[in-house]
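A short worksheet on the structure shown next.
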Amino acid sequence: MIDRFLYLVSEGFRSLWRTKTTALATISAIGIAASFVVFTALLGENLSSIVKLARSQYEFQIFFNDDIDNNQAIQINNKISNLEGIQSVNLISKEDAADIFKHEFGEDIFDLLNYNPLPTGCVVNLKQPTEGRLYVDPIINKIKKIKGVSEVRYQGRLISVIERYYEGFFVAITALAAAILFGTVILISNTIRLSIYARRDLIRILKLVGATDRFVRFPFMIEGLLEGFFGSFFAAIVSYGFVEGGNYFLSLFTHYRIRWDFDIVIILTIVIMMFSFIGSIRAVRKFL
Numbered sequence: 048m049i050d051r052f053l054y055l056v057s058e059g060f061r062s063l064w065r066t067k068t069t070a071l072a073t074i075s076a077i078g079i080a081a082s083f084v085v086f087t088a089l090l091g092e093n094l095s096s097i098v099k100l101a102r103s104q105y106e107f108q109i110f111f112n113d114d115i116d117n118n119q120a121i122q123i124n125n126k127i128s129n130l131e132g133i134q135s136v137n138l139i140s141k142e143d144a145a146d147i148f149k150h151e152f153g154e155d156i157f158d159l160l161n162y163n164p165l166p167t168g169c170v171v172n173l174k175q176p177t178e179g180r181l182y183v184d185p186i187i188n189k190i191k192k193i194k195g196v197s198e199v200r201y202q203g204r205l206i207s208v209i210e211r212y213y214e215g216f217f218v219a220i221t222a223l224a225a226a227i228l229f230g231t232v233i234l235i236s237n238t239i240r241l242s243i244y245a246r247r248d249l250i251r252i253l254k255l256v257g258a259t260d261r262f263v264r265f266p267f268m269i270e271g272l273l274e275g276f277f278g279s280f281f282a283a284i285v286s287y288g289f290v291e292g293g294n295y296f297l298s299l300f301t302h303y304r305i306r307w308d309f310d311i312v313i314i315l316t317i318v319i320m321m322f323s324f325i326g327s328i329r330a331v332r333k334f335l
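Residues 48 to 335 (the numbering used here) are what the sequence shown spells out, left to right.
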């Protein structure tokens, strides 16, 4: 049983070698296409880290009505902290606001106006979603409905742009990956078809001497699997070169580096091999 399996695997390698020109073209095409998938996946992973950093710095400045005393401010602060999606709430009293004014402008508000017009308020940080887009408008609307809140200030347009493009980027990555994987199935199917045609006389002889369909098909399925593997390996090398080249370019301007995630490459390699195997099965079932 093991000897037969090893023989069939070796036949898969021989089949790949016999059609080396076509196989090389297929591997190159898969490798180039898969390189885009790997690179965009790595770019998406790094972009995700950047967006998480940006999200951690989302801050809302909330101001309370002038007639709110400290006890009422604490109650409002607690109501805000209990809202869903709130990470932290830091209460800013009138005295704290005066200290912040002095630190930023170098002037004492009391010396300028003889009283403190700055309102009590708080600074709110949001929780980061585990996946998907962060929607801030529902949270803002809930905060505005709390009695005693007079104004909410935040960089709404910037947050909206970041979240919209972040979500759109991942939709584009998914669509691109799906298109390339579908193309891989078609490409492998056509390559196996050519390989079957090139060995049609041998296949006819094997069937005449009693070889089962499974025995005849298995080497071609191995051939498709190998083409997917070598194409993925090629993509890993190309993507690594792109990342290193990008990091060299970035080093001229910034300390940020693109991270080459080995786990992502392994996962994509397995997925591409699976679809290559599906492509080979599709071909042998149709032409054998």
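Glycine is no exception: its CB is placed at the ideal position from the N, C-alpha and C atoms.
Terminal residues of the alpha helix (DSSP H) in which residue i lies
i	result
Leu-255	247-255
Arg-264	260-297
Whole-number beta carbon distance between residue j and residue i, since they are thought to touch under 8 Å
i	j	result
Ala-282	Gly-78	5 Å
Glu-198	Phe-110	4 Å
Gly-326	Ile-250	Wrong, their Cβ atoms sit about 19 Å apart, outside the cutoff.
Ile-139	Gly-168	5 Å
Thr-87	Leu-223	6 Å
Asp-308	Leu-89	6 Å
Lys-189	Leu-130	5 Å
Thr-221	Ile-319	Their Cβ separation, rounded to whole angstroms, is 15 Å, which puts Thr-221 and Ile-319 out of contact at 8 Å.
Delimiting residues of the beta strand (DSSP E) encompassing residue i
i	result
Ile-109	106-111
Ser-197	196-200
Rounded straight-line distance, which links the Cα of residue j to that of residue i
i	j	result
Glu-142	Tyr-213	39 Å
Phe-280	Lys-254	35 Å
Phe-148	Leu-159	12 Å
Ile-239	Phe-296	41 Å
Leu-53	Arg-261	14 Å
Ala-145	Arg-200	18 Å
Arg-43	Val-183	Residue coverage of the chain in this structure runs from 48 to 335, which leaves residue 43 outside it and unanswerable.
Trp-64	Ser-298	43 Å
Thr-316	Gly-215	24 Å
Arg-61	Glu-270	9 Å
Ile-156	Asn-93	44 Å
Ser-82	Ala-330	25 Å
When the options are compared against residue i, the one with the closest alpha-carbon
i	options	result
Asn-124	Val-136, Val-232, Asp-113 and Gly-132	Val-136
Ile-121	Ser-96, Pro-185, Ala-80 and Val-196	Val-196
Ile-209	Arg-65, Leu-100, Thr-68 and Val-85	Leu-100
Phe-217	Val-84, Arg-61, Trp-64 and Ala-72	Val-84
Val-98	Met-320, Arg-211, Asp-248 and Val-290	Arg-211
Lys-67	Phe-262, Gly-257, Ser-327 and Ala-245	Ala-245
Gly-132	Ser-96, Phe-107 and Gln-175	Gln-175
Ala-80	Val-170, Val-285, Phe-309 and Gln-108	Val-285
Gly-278	Ser-57, Arg-306 and Ile-74	Ile-74
Ile-115	Ser-95, Thr-87, Ile-193 and Ile-313	Ile-193
Val-263	Arg-247, Phe-276 and Leu-272	Arg-247
Ser-242	Ala-226, Arg-306, Phe-267 and Ser-95	Phe-267
Gln-134	Asn-117, Phe-152, Asn-118 and Val-170	Val-170
Lys-333	Glu-106, Ala-225 and Ser-236	Ser-236
Ile-313	Gly-275, Tyr-162, Phe-289 and Ala-225	Gly-275
Please list the segments of the beta strand (DSSP E) lying wholly inside the segment 125-183, counting only runs of 3 or more residues, in order along the chain.
133-139 and 168-173
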